[in-house]
Structures are given as C-alpha cells and as structure tokens.
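Colleague:
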Amino acid sequence: MSSSSTPLTVRLIAANGTFAAALLRDQLAALLRTTGHETLVDSARLCMSEVVTNVYRHTRTRLVYVRAAVTEKGVTVFVRDDLPCVLAMPEVVDCCEGGRGLFLLDALTDSWGTRIHGAPAPTGKDVWFQLVEGGRGVC
Numbered sequence: 001m002s003s004s005s006t007p008l009t010v011r012l013i014a015a016n017g018t019f020a021a022a023l024l025r026d027q028l029a030a031l032l033r034t035t036g037h038e039t040l041v042d043s044a045r046l047c048m049s050e051v052v053t054n055v056y057r058h059t060r061t062r063l064v065y066v067r068a069a070v071t072e073k074g075v076t077v078f079v080r081d082d083l084p085c086v087l088a089m090p091e092v093v094d095c096c097e098g099g100r101g102l103f104l105l106d107a108l109t110d111s112w113g114t115r116i117h118g119a120p121a122p123t124g125k126d127v128w129f130q131l132v133e134g135g136r137g138v139c
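Anchor point for the sequence shown: position 3 equals 3 in UniProt numbering, and the numbering is continuous, going up by one each time.
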C-alpha cells in the first residue's frame with residue numbers, strides 16, 4: 001500500500017447462489033495478498049464466507065454487492081442484502097450445524113456491525129466487518 005491515507009476501494013458483485021461465497025472470498029483474498037495484507041487472508045476468507053452464506057440463506061437478494069476498503073492498517077468489508085433488519089447474536093445451540101456465523105465474526109474481527117439503508121422505508125442493509133494488521137483476525 002502507498003503511504004496515502006485514502007483507502008483503496010474495490011467493488012465486487014456475484015449472483016446470489018451456491019457459488020457466491022467461494023467466488024467473493026477468493027477475490028477478497030487476492031486483493032489482500034496484492035495489497036500486502038497476507039496475515040489477514042484466512043480470517044477475511046472465513047468472515048466473507050459466513051456473511052455471504054447468510055445472504056444466500058436468509059434473503060431474496062439477486063446479486064451480492066461487496067465493497068472492500070483497504071488501507072495500510074487493514075480492510076473493512078461491506079456486504080449488502082435486501083433484508084432491512086439488524087442482526088442479533090443468537091443463543092448458542094450445540095445441537096445445530098448453523099447459527100455460528102455471527103460468533104465467528106465477533107471472534108475474528110476487530111469490529112463488525114450492520115447499517116440499514118433506505119430510510120424512512122428501509123430497503124436493505126450492509127453487514128460490515130473490519131480486520132486490522134496486528135488485531136484479532138491476524139493468522
């Protein structure tokens with residue numbers, strides 16, 4: 001990365017289907033390697049997979065829009081969907097295979113959250129996460 005504080009912003013788009021998570025996580029990994037953030041790749045791939053899989057499982061979004069903003073310090077990733085509700089941490093249920101994505105985001109990222117779009121009549125949201133060099137998501 002250059003010494004500029006302006007982030008390098010990359011937009012990614014994939015059809016919302018079974019392959020979207022793999023496609024988008026691989027593109028994000030390539031971006032992080034290219035910009036010198038190799039230590040963030042594993043956590044970024046896992047977090048991207050979890051968020052995009054949630055879009056596939058819980059929304060009717062036709063296209064998955066991702067915006068990644070890379071700086072010298074790390075990356076912030078925004079994944080947009082058409083479900084305008086704030087995400088809440090589920091209760092842990094040991095017997096179920098699903099429901100752990102938000103726990104992974106919470107454990108691996110330096111911060112994460114949601115942002116609702118389309119006020120006063122909400123039309124969707126971004127789920128975002130941030131990974132910082134030297135932070136929680138470094139492998």
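Here a beta-carbon is modelled for each residue, glycine too, at the ideal position from N, C-alpha and C.
Could you tell me the distance, in whole angstroms, from the CA atom of L12 to the CA atom of L40?
Modeller: So the alpha carbons of these two residues sit roughly 18 Å apart.
Colleague: Kindly list the residues whose CB is nearer than 8 Å to the CB of R62, restricted to its own chain and excluding five residues on each side of it in sequence; keep chain order.
Modeller: A15 and N16, listed in sequence order.
Colleague: Considering only residues of the UniProt domain "Histidine kinase/HSP90-like ATPase" (21-129), which uninterrupted beta strand (DSSP E) runs meet the minimum length of 3 residues and lie entirely inside it, listed in chain order?
Modeller: DSSP runs (the beta strand (DSSP E)) wholly in the UniProt domain "Histidine kinase/HSP90-like ATPase" (21-129): 63-70, 74-81 and 111-117.
Colleague: Please report how far the alpha carbon of I59 lies from the alpha carbon of R136, in whole angstroms.
Modeller: Reading the sequence as shown, one finds Thr at residue 59 and not Ile. Computed Cα separation, rounded: 29 Å.
Colleague: Between S45 and the rest of its own chain, which residues show a CB-CB distance below 6 Å, the 5 nearest in sequence each way excluded?
Modeller: Inspection of the sequence shows that residue 45 is occupied by Arg rather than by Ser. These residues qualify, in order along the chain: R25 and A29.
Colleague: Does D106 pass the burial test, meaning 16 or more other C-beta atoms within 10 Å, or should it be called exposed?
Modeller: Exposed, because fewer than 16 other Cβ atoms sit within 10 Å of the Cβ of D106.
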